[in-house]
Amino acid sequence: RAGLQEDQVSLRCGSVHCWVGGDGPPLLLLQGFGSDALWQWEAQVSVLARDYRLIVPDLLFFGKSTSTSSERTLEFQARMLVDLLDHYGIDKAHVAGVSYGGFVALTLAMGRPARVDRLILVDSPGVGYSRADYEKMLARHKIEHIGDLLLPTKPDGVRRLLDVAWYKSPWVPSFVLPDIHANMFCSQVDQKRELLEEVLRQITDPPEITSLRPKTMLIWGQNDPLFPVDIAYRMQRALGPNTVLSIIKKAAHTPNLERHKTFNASVKDFLSA
């Protein structure tokens, strides 16, 4: 409905499913861990496609993107994005990522700043996250591993994940949960667990302090129970003077879905300033 076209692109790393369309400067949108491109950005594409050329891929091992490689690093995902931009003839793009997508976006911006115009990280702690933060998160949710939350093994786990993602969780009938679970959480499960392990390996204590060249915006749900908002302030200090922070009230881990009008306005203001 937003005018985007579906594409399946063969790259060195694998086969990447992508939605492309819109007019204007290129904007790359990267989904979070419990989602794919279609679900993550549904509330943004119609608005943003009016002013930007959108490239919205399923990251590798999510949705319809697959790879036979054994590599699971954030750098592997970043290299895929470089190849994807090259495929579409794009030298430089704005990049926005939610949660895990933000980790990938940050890796791209830190390793290849010439390819990133402006950067938007949504509830994605990156260099602001420590091992102590991770241990507190496990205790808060009474789990032993982040995969216990992000990769539900049963339909009931989907409801628990929604409660984390939303400040006020949407009502979902119980009979729908098995379909959601089957469609979103039952494919490439082993690969996704390995992706999580790679992210955990990169957590340092204390976090590494790294400034960024691209102008950066952090957008954070004020009530995020996964990555509390104090991490956002720490992240802002770590990334340096080119970083601004927008806190969205009455939103949890996915403010782009829960408070999409506020989110969309913040993104457009930042990219056009």
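Numbers given in my numbering equal positions in the sequence shown, counted from 1, plus 228.
Backbone N, C-alpha and C fix where the C-beta goes; we use that ideal spot for every residue, glycine too.
A quick note: this is a predicted structure, and the numbers were derived from the prediction, not measured.
Same chain, Cβ closer than 8 Å to residue i, five either side skipped, listed in chain order
i: Val332; result: Leu258, Leu287, Leu302, Gln305, Ala306, Leu309 and Gly325
i: Gly400; result: Going by the sequence as given, residue 400 is Val instead of Gly. Here the set comprises Val386, Arg387, Leu390 and Ile408.
Straight-line gap, residue i to residue j (C-alpha atoms, nearest Å)
i: Ile431; j: Asp314; result: 30 Å
i: Met463; j: Gly354; result: 7 Å
i: Leu336; j: Arg300; result: 15 Å
i: Gln450; j: Gln416; result: 32 Å
i: Glu486; j: Asp311; result: 32 Å
i: Ser238; j: Ile283; result: 15 Å
i: Arg340; j: Leu334; result: 10 Å
i: Gln236; j: Gly375; result: 28 Å
i: Phe413; j: Ala393; result: 15 Å
i: Tyr362; j: Ala321; result: 31 Å
i: Lys477; j: Val244; result: 35 Å
i: Asn470; j: Tyr357; result: 19 Å
i: Met365; j: Pro380; result: 17 Å
i: Leu467; j: Ser402; result: 42 Å
i: Asn411; j: Glu372; result: 25 Å
i: Ala342; j: Ala501; result: 20 Å
i: Asp319; j: Pro442; result: 15 Å
i: Leu266; j: Arg429; result: 29 Å
i: Lys420; j: Ala367; result: 22 Å
i: Asp418; j: Ser293; result: 15 Å
i: Ala493; j: Glu425; result: 35 Å
i: Gly231; j: Trp269; result: 14 Å
i: Val495; j: Arg465; result: 20 Å
Identity of the residues DSSP links to residue i by a beta bridge
i: Thr471; result: Thr444
i: Glu234; result: Trp247
i: Gly449; result: Ile476
i: Gly242; result: Leu239
i: Arg281; result: Pro254
i: Thr490; result: According to DSSP, Thr490 bridges with nothing at all.
i: Thr294; result: Ser243
Contact check, residue i vs residue j, beta carbons under 9 Å
i: Asp458; j: His481; result: no
i: Phe498; j: Arg278; result: no
i: Arg229; j: Gly252; result: no
i: Leu349; j: Pro383; result: no
i: Val275; j: Trp247; result: no
i: Gly330; j: Gly260; result: yes
i: Gly262; j: Leu378; result: yes
i: Val472; j: Tyr328; result: no
i: Val323; j: Leu255; result: yes
i: Ala479; j: Tyr395; result: yes
Own chain, CB closer than 6 Å to residue i, minus 5 neighbours either side, in chain order
i: Ser397; result: Leu390 and Asp391
i: Trp448; result: Asp351, Val457, Ala460 and Ile475
i: Ser295; result: Cys241, Gly242 and Leu288
i: Phe491; result: Pro483 and Asn484
i: His409; result: Pro383 and Val386
i: Asp264; result: Asp286, Phe290 and Gly291
i: Met445; result: Ile348, Val472 and Phe498
i: His488; result: Ala271
i: Gly250; result: Ala277, Tyr280, Arg281 and Leu282
Same chain, Cβ closer than 7 Å to residue i, five either side skipped, listed in chain order
i: Glu234; result: Trp247
i: His369; result: Leu377
i: Leu454; result: Met365, Val392 and His481
Hey, which unbroken runs of the alpha helix (DSSP H) at 4 residues or more fall wholly within the stretch 312-358?
328-339
Note down, one range per segment and in chain order, each alpha helix (DSSP H) of at least 4 residues found wholly within the stretch 402-438.
405-412 and 417-429
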